[in-house]
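Same order as they appear, the protein sequences are chains A and B.
Just so you know, we're using our numbering here: the first sequence kicks off at 3 and counts up by one.
Just so you know, we're using our numbering here: the second sequence kicks off at 652 and counts up by one.
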Amino acid sequence: MTQTVSRSGAGAQRAPLPLDVEAIRADFPILTRTVRDGKRLVYLDSGATSQKPRQVLDAERWFYENVNAAPHRGAHQLAEEATGAYEEARAKIGAFIGAPENEIVFTRNTTEAINLVAYAMSNAVTAKEPEFRTYAVGQGDEIVVTEMEHHADLIPWQQLCERTGATLRWLGLTDEGRLDLADLDTVVNERTKLVAVTQQSNILGTINPLEEIVARAHAVGALVLVDGAQSVPHQPVDVTTLGADFLVFSGHKMLGPTGVGVLWGRYDVLDKLPPFLTGGSMIEVVRMEGSTFMPPPQRFEAGVPMTAQVVGLGAAVDYLQDLGMDKVEEHEKALTGYALEKLAEIPGVTVIGPADTVARGGAVSFTVEDIHPHDVGQVLDDLGIAVRVGHHCAWPVVRRYGVPATTRATFYVHTGYDDIDALAEGIRAAQKFFGTV
Amino acid sequence: MQLESMYQEIILDHYKNPHGRGLRDPFDAEVHHVNPTCGDEVTLRVKLDGDTLADVSYEGMGCSISQASVSAMHDLVVGKPVTEALETGEHFMTLMQAKGDPSVAEKLEDELEDAVAFAGVSKYPARIKCALMSWMALKDASARALSVADSAGAPATHPTAPTTGGQS
């Protein structure tokens with residue numbers, strides 16, 4: 003059932019939603035459970051981790067029940083079939099972002115994917131193979147991030163700089179919740195080795211103008227890593243038009259299992275990077291005196307991989323493609339617009355981040371006057387509404403906007419207007435409970 | 652609504668009208684504790700008079716539970732010997748681990764006074780850290796103040812440098 007146009011409250015618009023919310027909800031077993039004494043689960047925390055449709059759970063079960071074996075080793079039939087399932091999923095996940103399969107490296111999550119690149123760049127300093135020293139970072143070099151980054155796209159670069167003597171620089175934020183690109187040309191300069199930037203802020207919802215940043219970075223010969231943890235699940239992303247050198251994202255935020263993330267890298271760049279983790283699977287020839295390594299992506303996949311999870315992520319990609327990523331994006335845009343209007347109707351509520359849906363995704367962070375986010379979250383939880391509270395692993399962002407923490411609602415394919423109505427009512431209930439209105 | 656079991660009237664009173672708030676001089680030790688999962692912070696000072704907590708002063712920001720807890724703690728521990736205050740802290744910890752068991756709260760009611768109202772918090776694992784933060788800070792600050800006093804062979808006249816302690 004598609005929810006239809008109607009007016010609600012003081013006038014928040016309910017445009018028809020592109021996705022059939024009721025049909026989609028039926029695919030998510032967890033949405034049938036209740037919480038806190040029989041309340042319907044209103045799950046508005048997909049930005050932290052998404053729920054999983056039955057199709058993904060079935061794919062993992064299928065793998066374990068039918069073909070489970072360690073891929074890329076052994077010559078028995080199960081090993082062949084497990085390898086086939088693993089590599090088929092790699093091709094599928096690559097196609098989802100417009101990439102060939104040999105540019106897709108599986109990691110544990112976005113965090114590990116970023117660490118892989120950061121450690122490869124410091125390992126490059128002491129690599130014995132000359133081509134592996136191509137992207138070495140050292141004193142006098144600079145790494146650029148933004149004040150908007152999730153800790154996962156900040157700390158690995160801080161640490162890289164500490165290990166190598168390079169300098170960390172960053173682009174600041176405007177009062178409106180956008181990247182401040184006024185000094186882009188000075189911050190990103192001929193000393194810059196890499197620019198790491200999120201495509202969509204996990205706390206502000208801001209979608210960044212990557213084109214301008216990529217153009218400047220490449221003009222000075224720097225690599226660009228795009229954190230797609232909050233964009234790849236929610237909008238079409240194609241690496242052929244993105245222009246970046248790396249794109250990283252997590253399976254668990256896009257309906258897939260935990261324990262699998264993706265590093266996409268341009269093949270010619272990946273090929274010049276030394277390994278991060280070493281061991282089985284990633285070697286070419288091993289002798290006691292020293293060893294050589296496989297080409298990408300195997301060079302970066304040491305040990306038996308998270309095979310069932312990769313197969314599950316393949317099923318998640320199928321699910322999203324069946325819905326259509328264009329529709330997913332439109333769906334969330336409609337919900338975000340509605341949520342921003344509903345929240346604007348509540349006195350004392352301030353949205354931290356862009357106030358309209360222009361270049362903005364569905365992460366809506368807000369404060370409620372005189373009620374700490376933890377306490378807002380507790381009242382919402384009591385009503386069955388799951389939101390995230392705190393600094394959202396982006397402490398510099400909350401500090402920038404002068405708040406100790408925020409409450410954050412995030413949306414996905416099963417989110418409907420009813421969920422946002424519940425959120426708005428819940429905020430009013432919190433205000434009543436704490437006597438602030 | 653289950654909310655009332657956590658947000659007892661007494662807790663909301665401490666939150667809205669905190670007791671003993673503000674950082675005061677002189678002091679023997681100062682600590683800064685944060686709850687890294689949510690950003691709650693407390694800066695806490697202790698002033699000893701011999702082995703007795705002559706004053707516990709604090710500033711902090713955070714949720715109602717964390718702020719009310721430090722206020723209730725102030726009432727409980729000021730004027731008590733350090734060992735007795737820390738023992739009370741242990742009992743508060745026991746209360747936080749009670750998973751809402753009313754018999755635990757009953758046993759501790761006399762000793763914990765207003766702080767027994769936090770019994771409802773023990774049903775919410777994510778919030779226990781909020782209630783415990785100030786007690787962790789007190790334990791840390793007391794230990795530092797006592798070690799300063801020990802090393803000086805007499806109660807310290809100069810405060811120790813502020814230190815940052817994390818609880819994670």
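From the three backbone atoms N, C-alpha and C, an ideal C-beta is built for every residue, glycine too.
Since the structure is predicted, the reported quantities are computational estimates derived from the model, not experimental observations.
Under the 10 Å beta carbon count, Q79 of chain A is surrounded by fewer than 16 other beta carbons and is classified as exposed.
Membership of H74 of chain A in any alpha helix (DSSP H) is not indicated, and neither H nor E is assigned to it by DSSP. Sequence-ordered contacts of the stretch 760-787 of chain B with chain A read Y775, R778 and C781 [C-beta pairs closer than 8 Å]. Between A91 of chain A and V306 of chain A, the gap from beta carbon to beta carbon reaches 7 Å or more. Within the stretch 285-307 of chain A, not one residue has a Cβ closer than 9 Å to any Cβ of chain B. DSSP places L763 of chain B inside the alpha helix (DSSP H), whose first and last residues are P753 to L763. In the displayed model, Y658 of chain B falls within coil according to three-state DSSP, outside both helix and strand. Taking a Cβ-Cβ threshold of 9 Å, none of the residues of chain A is close to T745 of chain B; the smallest such distance is about 23 Å. The shortest CA-to-CA distance from E710 of chain B to any of B:V729, B:L663 and B:H684 is the one to B:H684. Rounded to the nearest whole angstrom, the CA to CA distance from Y137 of chain A to H670 of chain B is 57 Å. An exposed status is given to I32 of chain A, since fewer than 16 other beta-carbon atoms sit within 10 Å of its beta-carbon. Chain-order list of chain A residues neighbouring T694 of chain B: empty, with the shortest C-beta distance near 14 Å, by a criterion of under 9 Å.
Between H393 of chain A and chain B, the shortest Cβ-Cβ separation is below 7 Å. For R390 of chain A, the uninterrupted beta strand (DSSP E) segment begins and ends at R390 to G392. V313 of chain A is classed as buried because its beta carbon has at least 16 other beta carbons within 10 Å across all chains shown. Per DSSP, S722 of chain B is one residue of the alpha helix (DSSP H) stretching across S715 to V728.
With its beta carbon less than 7 Å from one in chain A, S715 of chain B belongs to the interface.
In the DSSP assignment, L704 of chain B falls within the unbroken beta strand (DSSP E) covering T703 to M712. The C-beta of Q653 of chain B comes closer than 7 Å to at least one C-beta of chain A. Remark: C-beta atoms of M747 of chain B and I779 of chain B approach each other more closely than 7 Å. Of all residues in the stretch 726-757 of chain B, none is placed with a Cβ closer than 9 Å to any Cβ belonging to chain A.
Shown here, R410 of chain A sits in a strand according to DSSP, grouped into three states.
Note that the C-beta distance between G267 of chain A and L315 of chain A is not below 7 Å. As DSSP reads the structure, D47 of chain A sits in a beta bridge with A:T412.
Closest in C-alpha terms to L382 of chain A, from the list A:I422, A:I116, A:E332 and A:V147, comes A:I422.
M724 of chain B is outside the set of residues whose beta carbon lies under 7 Å from a beta carbon in chain A. Residue range Q79 to F98 is occupied by the alpha helix (DSSP H) that includes K94 of chain A.
For K698 of chain B, the enclosing beta strand (DSSP E) stretches over residues D691 to D700.
Checking the DSSP bridge columns, you'll see N686 of chain B partnered with B:D691. For T200 of chain A, the secondary structure class from DSSP, reduced to helix, strand or coil, is strand. Excluding five sequence positions before and after I661 of chain B, the CB atoms of its chain that fall closer than 6 Å to its own CB belong to D765 and A768, given in chain order. Residue pairing for P732 of chain B: DSSP places it in a beta bridge opposite B:T703. Here DSSP, grouped into helix, strand and coil, assigns K329 of chain A to helix.
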